[in-house]
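Which chain is which? The protein sequence lines are S and Y, in order. Mind the numbering: the first sequence is residues 1 to 483 in the UniProt record's numbering, read in order. Mind the numbering: the second sequence is residues 1 to 483 in the UniProt record's numbering, read in order. For each residue, glycine too, the CB sits at the ideal point set by N, CA and C. Predicted model, so just to flag it, every value in this text is computed and none were measured.
There are 2 protein chains.
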Amino acid sequence: SRFLPVAFSGTWLCCLGLVQGGKVLVVPADGSHWLSMKILVKELYHRGHEILVLVPETSSVIHGSESYKTEVYPVPYTKEELYQKFDRLEDDVFRKSSRMTELHNNVQLFIDYTSIQVNGCERVLNNQSLMTRLRKEVFDLVLTDPVLPCSSILANVFSIPTVYFLRGLLCDLDLQASQCPSPPSYVPAYFSGNTDIMTFPQRVTNMAMSFMQPYVCKMTFRHFDDLVSRYLENKTTYKDLLSHGAVWLLRYDFTFEWPRPLMPNMVSIGGINCAKKAPLPADLEEFVNGPGEDGFIIFTLGSMLHNMPEEKAKQFFDVLWRYTGWLPQNDLLAHPKAKVFITHGGTHGIYESICNAVPISTVWRSKLTPHDVTAEKILAALNKLIHNKSYKEKVVELSQVHLDRPVEPLDTAVFWTEFVMRHKGAAHLRVSAHDLNWIQYHSLDVIGFLIIILLTVLFVTVKCCLFCTRKCCRHGAAKRKSE
Amino acid sequence: SRFLPVAFSGTWLCCLGLVQGGKVLVVPADGSHWLSMKILVKELYHRGHEILVLVPETSSVIHGSESYKTEVYPVPYTKEELYQKFDRLEDDVFRKSSRMTELHNNVQLFIDYTSIQVNGCERVLNNQSLMTRLRKEVFDLVLTDPVLPCSSILANVFSIPTVYFLRGLLCDLDLQASQCPSPPSYVPAYFSGNTDIMTFPQRVTNMAMSFMQPYVCKMTFRHFDDLVSRYLENKTTYKDLLSHGAVWLLRYDFTFEWPRPLMPNMVSIGGINCAKKAPLPADLEEFVNGPGEDGFIIFTLGSMLHNMPEEKAKQFFDVLWRYTGWLPQNDLLAHPKAKVFITHGGTHGIYESICNAVPISTVWRSKLTPHDVTAEKILAALNKLIHNKSYKEKVVELSQVHLDRPVEPLDTAVFWTEFVMRHKGAAHLRVSAHDLNWIQYHSLDVIGFLIIILLTVLFVTVKCCLFCTRKCCRHGAAKRKSE
């Protein structure tokens, strides 16, 4: 076996030399998701594993590297068609709409996205020569972002354990697939906008949304479900397939997320994207040092938002400088003169902000919503964040708690990835809830049975009582008659 | 502050020098519980913390040490009275009884135990000079076994964060106090004897027992509840008090326990008692090497069972040697010639057996029940365990999985203990479920509200329909009449 079981004597770090190289198939999602997964992939390479990354030909972010081989596969759509979808999403961001319309639009867009992904995936599954080559490689592990369906199907077809790398899936499909209990009384439902402390009306909406979640999932992931049931056993859903994942690496940390129950095979690696800091390039260093002690502000709307409407942009750039090239966000945030971070609210940025202790203003939440932003509002928000010491103090406290951990997120991610390779899965962490159907899981059959027993006992008791009373009465009547 | 917040750059182990000494108040439970807690206490001492251990004068296992100071407090019962209780428990073990009788006896014994503990605790709480001294020490942390009530009251009175060290509490009080979801469909209820895979009748008993658990708890811990509500705010229960614990260190590992959901502030440190191995004393080494390649067998009935009835003992000692002195169990199990471990099923022994990869036979489960054990049965069980290779293979596999962990259990326990000292608790890991009452937690008010709405809508709809139909009918009738 290539994976010697290792009895660790001190910490596992001392023994890494004993873990021999494995073969990993990586199926990443495009865009910002890849940026943090790449950190793990590169580290796996440094530890001696052989890595193959499956890349759709339309990808703009996933490039070749000396750390991993890439296998580019053709897809039945062009880069332009893909971008059009993203542009629609961006347009929506700048249009004011109600929460329900927003949810509906998001779901609709995601359904479009899934149908594209399914088309792409079928090109892989039907590509006999590629499939034969992949099978011949005899991978030890599939590392993937479950926002894509292909990897889980490949893992199933090739019988390889899977490690998921994600923040969370639409309609909490990840929580459903891992059987993670989420009491709606304090765990905010996906897209509910609630926190973990809710008023009664909020709990009502949260309950309603939690209840609707499985139906939203069924609708949202129907293309994935179709694909899965076409290529695997009939009636297998994408959720069923996901439930076989060995370990869930969650870009999740309770300094930012609301505390909630987790499953044994869920591992928090929130802040993994903040691990490595590099000095800024000379031109950028000069730029950020320009204002002297006043420091500088970092503003971003994420990797997916590149065409903000002119009049909106003007509001921001009345206050801020414009830079449309790529910026090393984490290195900027790590700079001692970084004062404030304005973000669209992507988790990468939020964790980088927490780990570097830079006060955050999210565009969405702090009334800087893209639909009604003005230069004045931005200025007021910035002034508050810079001059009110409590924001800095709070983020420093969060940062200290976030960074105080027994193992760094990257090392944790590597450990569990290698663990799954060494033991061909993580069977001991799999709850047996996966073998129960919906009725059994919620003990509805047991409750039904207990109610029937209760009713029977009640019925018999009442009948007996009635019988006795009647007998007594009759007896009494007979007595009276005879008297 | 004595606890500098530390930004760890690599692993935390590199930075231990930066964690300055804190003051820890340790309130241990007597008996085997102390044996594993002592490992953590000694390690905390080695890392520069100052430790005071509160010891009842009747304790037989908790001795003074150079690693910690002890404060011996008088209790209103003698060692003999305490032992009498334990002897009753042991007598019960050798008496055959049904599961329900067994449960009832256990609960009754535990209630006796709690009433003794409460008496002991009151001697501490009413001892003004001791309380003043303790208060003056200004501890940073209370480390305790929650099977005792006193520590949590002291922590509350002195406003110090608490770290619990335990395997589990009777009637799953720990799970209830930490708000840990335990779906009865696959999480075996305390003392149900079920596994995580249950038949329908087993699920019925499991459900019934889960449902009864809060009432069993109320009965079992009523002395603790009385004590708590006497010394703290009225109507505070022991469970309420426990719910304020910062971190739960659970002697728990999924190589042995059934996988289940956990809370963010629960940390698995199963196998902590297996950390350090010492060579055997010369006489014991000679003894175990006696049989040569055949190896030796370790048999124990735990620290609480010392007076087995004569005729039972004979059955065992027809097969095995007798040794009534203290044995270094873990060192014996670590010996390469250890072949089989027969145990009463205490978790310390089980984890030591797993980590040393020695096949286990528990007296209780493998039909070697103390009530009907015979020399033949023991011999048959031993032969099976020694000669059937599959037992050894299985335990080697378990051992490899158990020992393959990113941080050793002792280091994990130290990390979280120090974490709580550094941050004065672990507020970010506390679920807001603690702020909900029972009705709110289960969303019963929300469900009631939704049902009322549903019924109202139904009622109005039906009324409208009836009204319309009646109108139509009347109109029709009128028409017919006029015709």
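Residue-level contact check: Y/Leu429 touches chain S, since one or more beta carbons of chain S fall below 8 Å from its beta carbon.
DSSP places S/Pro406 in no alpha helix (DSSP H); its state is neither H nor E. No Cβ of chain S is located within less than 8 Å of the beta carbon of Y/Ala189. For S/Pro56, the number of other beta carbons within 10 angstroms of its own is at least 16, and it is reported as buried.
Per DSSP, reduced to three states, the secondary structure at S/Leu455 is helical.
Secondary structure note for S/Ile116: its alpha helix (DSSP H) is the uninterrupted segment 99-125. Of all residues in the region 246-258 of chain Y, the ones placed with a Cβ closer than 8 Å to any Cβ belonging to chain S are Phe254, Thr255, Trp258, in chain order. In this structure, the beta-carbon distance from Y/Asp404 to S/Arg422 falls below 8 Å. Each residue's CA atom was taken as its position, placing S/Gly346 and S/Ala177 some 24 Å apart. Between the alpha carbons of Y/Val138 and Y/Phe224 lies a gap of roughly 25 Å. DSSP places S/Ser182 in no alpha helix (DSSP H); its state is neither H nor E.
Taking the Cα of Y/Ser32 as reference, the smallest distance to any Cα among Y/Val147, Y/Glu66, Y/Gln117 is reached at Y/Val147.
DSSP places S/Tyr73 within a strand segment (E or B) once states are collapsed to three.
Counting along the chain, no alpha helix (DSSP H) covers Y/Glu50; the unbroken beta strand (DSSP E) around it starts and ends at 50-56. DSSP lists Y/Trp248 as the beta-bridge partner residues of Y/Met266.
The beta-carbon separation of Y/Val163 and Y/Leu141, rounded to 6 Å, stays under the 8 Å limit for a contact. Listed along chain Y are Pro264, Val431, each with a C-beta nearer than 8 Å to that of S/Arg260.
Per the coordinates, the alpha-carbon of S/Asn194 lies some 19 Å from the alpha-carbon of S/Val107. Burial is judged here by how many other beta carbons sit within 10 angstroms of a residue's own beta carbon; Y/Tyr215 has fewer than 16 and is exposed. In the DSSP assignment, Y/Ala155 falls within the unbroken alpha helix (DSSP H) covering 150-158.
In the DSSP annotation of this structure, the continuous segment of the alpha helix (DSSP H) that includes Y/Ser129 starts and ends at 128-137. In this model, S/Asp283 and S/Pro291 are separated by some 14 Å (Cα to Cα).
Under DSSP, the beta-bridge partners assigned to S/Phe341 are S/Ile298, S/Ile360. Distance between S/Lys384 and S/Ile272, taken at the CA atoms: about 29 Å. The residue from S/Gly349, S/Pro359, S/Glu285, S/Leu82 with its alpha-carbon nearest to that of S/His335 is S/Glu285. Per DSSP, S/Val26 is not a residue of any alpha helix (DSSP H); the beta strand (DSSP E) it occupies stretches across 23-27.
Scanning Y/Gln440, Y/Ile116, Y/Ser129, Y/Asn234 for the CA closest to the CA of S/Phe200 turns up Y/Gln440.
S/Val53 is outside the set of residues whose beta carbon lies under 8 Å from a beta carbon in chain Y.
Scanning its chain for C-beta atoms nearer than 7 Å, with the 5 sequence neighbours on each side dropped, one finds around S/Lys424 the residues Pro161, in chain order. S/Thr144 is bridged by DSSP to S/Val27, S/Tyr164. What Y/Thr162 touches in chain S, judged by beta-carbon distance under 7 Å, is nothing: the nearest beta carbon there is about 17 Å away. With a cutoff of 8 Å on beta-carbon distance, S/Leu52 and S/Leu25 are scored as near each other. Of the candidates S/Thr114, S/Tyr113, S/Ala155, S/Leu103, the residue whose Cα lies closest to the Cα of S/Leu125 is S/Ala155.
With its beta carbon less than 8 Å from one in chain S, Y/Phe449 belongs to the interface. Taken through DSSP and simplified to helix, strand or coil, S/Met198 comes out as coil.
Shown here for S/Phe191: same chain residues with a beta carbon closer than 6 Å to its own, the five before and five after excluded, namely Leu103 in chain order.
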